[in-house]
Every structure is written in C-alpha cells, then in structure tokens.
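Heads up: the structure comes next, in structure tokens.
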Amino acid sequence: MWVALKFESLVDQHSRNEVSCTLATKEWCSLYWDAIQLLKKYRIFISSESVRALIRTYSYMGLAEEAIQCFDRMSKFDCEPDAHAYNTILKVVLKKDLFVLPFLLYNVMLSSNSLPDDHTYTLLIGGFCKIGNFNAALEMLDDMSKRGVLPDVKTYTAIIYGLCQWKKVDEAFRLFNTMKENGCLPTLRCYNVLIDGFRKNGRTDEVLSLLSLLRIDGFALNLQSYCSLINSFIHAKRYSDAYVWYTKMFKRGIVPDVTLYAIMIRGLSEEGRVGEAAKMLDEMIGMGLVPDAYCYIALIKGFCDIGRLDQARSLQLEVSKDEQFHNAYTYTILICGMCRNGMVGEAREIFNQMEKLGCLPSVVTFSALMHGLCKARRIEEAHLLLHEMEIGRSPSLFFRLSQGSNRVFDSVSLQKKVEQMCEAGEVLNAYKLLK
C-alpha cells in the first residue's frame, strides 16, 4: 500500500501494473481509501499519482463508476489532477464508448493547470476516429502542434487505424506518407494497421505493395502481417496464394495462433475442402490451442454449404455444451442452412433452443427464419415472429431522459446537461446519465 501511495516513484509500466493487480480487491481498495483519508486528516500532502493508483486499479477491475467517483473526489483531498490522472480517466470513459464525456473533460483540463500531453491527444484523436469524426481528429492534430506537443507515430497510427475502420484507406495511406515526410518513421504496427485496412477493402494488390515498402523500411513480416496477407488472399478467393504464404510462414519458424487457424479453416471450408478444414481443427487442438467460436463457425458453415447438415448440427451440439460458444451467428448459419434445404421445422426448433439458452437472436437470425417460413407458406408464423422481434428491443436512453422534472428531449440538450455536470465537477453523475 505504501508503494501505491508513492505511485509517482514507479517509473516502469510493469511495476505500476503490479500495484494495480495487488490492490485489485474491494477490501484492498477500501483500505487504500482509509489510508488516503487518514493522510488528509493529518494534513499530509496527497499527490495526484497516489489517487491515480486507485483509479487505475478500479479500471483494471472493470469498475468504471468507482474509477470516475475516485477522480471526482480528488478535489476534496486538495489534489489537483495532472495530465496522467486525466489520461487514466479518459481511457476509462472511452472504453465505455461515451464519446461526449472525454471531450468535455478535455475542455475542463484546458481550463485547469493540467496541460494535455501527446498521450492525451492520442486518446482523444482515437475517440474522434472511432465515431468517424475525422475533421475533428485532424483539427486536434493541428491543435496539439500549435500547443508545442509533437505528434508521434502512435498519434498518427490512431488516425490511420480510424480511417481504415471507416474504409477510408486512401486517406489513411496519404496520411501515412505525410507522416513519413514529416520525419516520423512508421512502426511495424503502423504498417500492419494499413495492411489490414487494405485487406478489409479487398485491395490485395495494395497489400502486396505495402509488404514491399515494409521490407524496404527494414521490417520483417510478423504473425499479424501474415494473418492480414493470408486473409486478404482468402477474401479474394485466391486460395492457392493463401496456402503458399501459409507454407512460407511455417518455413520462417512462425507458429500460427488461433486467429490464423480460424482464417485457414474458413478458407478451406469456403473452397469446399471441409475434410481438410476439420483436420486443421484437430491439428490446432493437438498443438495445445483452444479453438474459438470463429473456428467452429467456419467449419459449421462449410458443412452447411455442402449440404452435410447432420454433421453441421452434430458439431454445433458438441460445442454448445460450452457457454462461450452460445453464439447467435452459429445458430443463424444452421437456421439458414436448414431453411435453404426446406427443413423449416428443424430450423424453428434450433431457434427456440437458442432462446432457452439465453442466446439472443440477431436481426439476421429473425430474417433467415422468417424467409424460410414465408417460403414454406407459413405466413402467420412469420408475422408472429416479426412481432416477437419488434417487442424484443430494450428501452432507449430517450425514455429514461424524458421522465422526471428536469427532462432532456434531444442530443443537444443532453450534451449541454453533461457539459454543465463536468464543469461542476460532477463527472460521475455525467457518466451515469450517459450510461
């Protein structure tokens, strides 16, 4: 606990993570608060880093409300949050996808004595990119330069990643070149982000061009690079190229992980080589790897596509014994396969089973079964299923906010209310309102 109170003396990330792991029980957190209150009682100085240790711990435990409450209470201990404290709380709220709150916290930060650092800007830029507001992200990139904070490769990578996620790969590549022109050298991670972006957009030729640039800059392909490249070939249905690069990877001594096995199993299944895909599943289990849902989904879909529905159902029943594989997509594939082959009754049984197991059907699941029922001329059943889908939606944020004396009816009013709360130091209340 004494080490946690002297958190600023810990210079490396590993030591700080060790402190968070040690404190990560409610009993220790409670004792830590008692210690801070005791220091306050005897007028002993409490640093921002001492409180940040607790904020990080709550974040590590997944207790966002407690982390924000901890940040809120800093002023009561005459403890001014520094850039590190702001960055920690920004991470907490960004993980919850509450994008209004981080930018309001940034404004509060600017009006205080805490100056944003490169990490602050990288976090906020990543937040803007996640919601597709790239103009704001680029404005913040300019703003950080004006304030004397130079963007590093992590900052550029955050924008490049965001652009790729929103399928703006050409803009991402232009920014990548701008970064290099500004003397900021790319990392292998930056290359992998860009390669994966082009891969997701089916731009296999550009992926290969980037591999050449990657080598010129002195990098060697790692597992993530191979995953993106092989996945790109499979998306383009260039299966033979995928297997060639998979073999090259093995010769280089790189061991495939679960992600790459899932990609290869999907490729083999799509090509109709389901038997080989099943052997690959056995191979990865033999290597001590635990297949994830994507591996089984690919194989189940492969069996469905070639009409081997009994094997698909058998595999689905086998994996459904494990709760982590209660996956809506797995059931949807089976329902689609059954309906396509006129087995609507069996499809309905599978649908009922997934609901009993607490696996919520997606819109695609409902649509697949409704389509099957309509084809079988069971129109009334399809209509009832549509009604079931409509009433299954959860109440919206609007319903909660439009009740009571201090009502909020639109996003502008909501933002204003949250802004007022942040300015008043009520960050926790703002978080609860947005949650």
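Numbered according to UniProt numbering, the sequence shown spans residues 1 to 435.
The beta carbon of each residue, even a glycine, is placed where N, CA and C say it ideally should be.
query                                                                                                                                                         : result
Taking the straight line between their C-alpha atoms, what separation do you get for Ser-225 and Ser-47?                                                      : 43 Å
Using only the alpha-carbon positions, how far apart do Gly-307 and Asn-133 sit?                                                                              : 45 Å
Counting beta carbon pairs with one atom in the segment 98-105 and one in the segment 413-421, are three or more of them shorter than 8 Å?                    : yes
In whole angstroms, give me the CA-to-CA distance for Cys-295 and Ile-263.                                                                                    : 8 Å
Give the single residue among Met-287, Leu-299, Pro-291 and Val-255 whose Cα lies nearest to the Cα of Glu-276.                                               : Leu-299
Report the option in Arg-378, Ile-89 and Phe-77 whose CA atom is closest to the CA atom of Gly-62.                                                            : Ile-89
Less than 8 Å between the CB atoms is what I'm expecting for Tyr-121 and Met-140, so what's the real figure, rounded?                                         : 6 Å
What is the residue span of the alpha helix (DSSP H) that Tyr-42 lies within?                                                                                 : Tyr-42 -> no alpha helix (DSSP H), and no H or E assigned at all.
Between Gly-307 and chain D, is the shortest Cβ-Cβ distance under 9 Å, so that the two count as touching?                                                     : In summary, chain D is missing from the structure at hand, where a single protein chain is found.
Are Glu-66 and Tyr-58 close, meaning C-beta to C-beta below 9 Å?                                                                                              : yes
So what does DSSP say about Leu-289, is it helix, strand or coil?                                                                                             : coil
Along the alpha helix (DSSP H) that carries Ser-209, what are the first and last residues, could you check?                                                   : 204-216
State the start and end residues of the unbroken alpha helix (DSSP H) segment that holds Cys-164.                                                             : 153-165
Taking the alpha-carbon of Ile-254 as reference, which of Ser-367, Asn-222 and Arg-52 has the nearest alpha-carbon?                                           : Asn-222
Could you tell me if Phe-173 is buried or exposed, where buried requires 16 or more neighbouring beta carbons within 10 angstroms of its beta carbon?         : buried
Taking the C-alpha atoms as reference points, what is the distance between Gln-165 and Ser-228?                                                               : 14 Å
Mind listing, in chain order, the continuous alpha helix (DSSP H) runs of no fewer than 4 residues lying wholly within the UniProt repeat "PPR" (47-81)?      : 48-60 and 64-72
Could you check which residue in Met-354, Ser-320, Leu-357 and Cys-304 has the C-alpha nearest to that of Cys-339?                                            : Cys-304
On the criterion of 16 or more Cβ atoms from any shown chain inside 10 Å, does Ala-53 qualify as buried, or is it exposed?                                    : buried
Please report the straight-line C-alpha distance between Trp-33 and Leu-428, rounded to a whole angstrom.                                                     : 17 Å
Taking one C-beta from the segment 194-201 and one from the segment 169-184 each time, how about it: are there three or more such pairs within less than 8 Å? : yes
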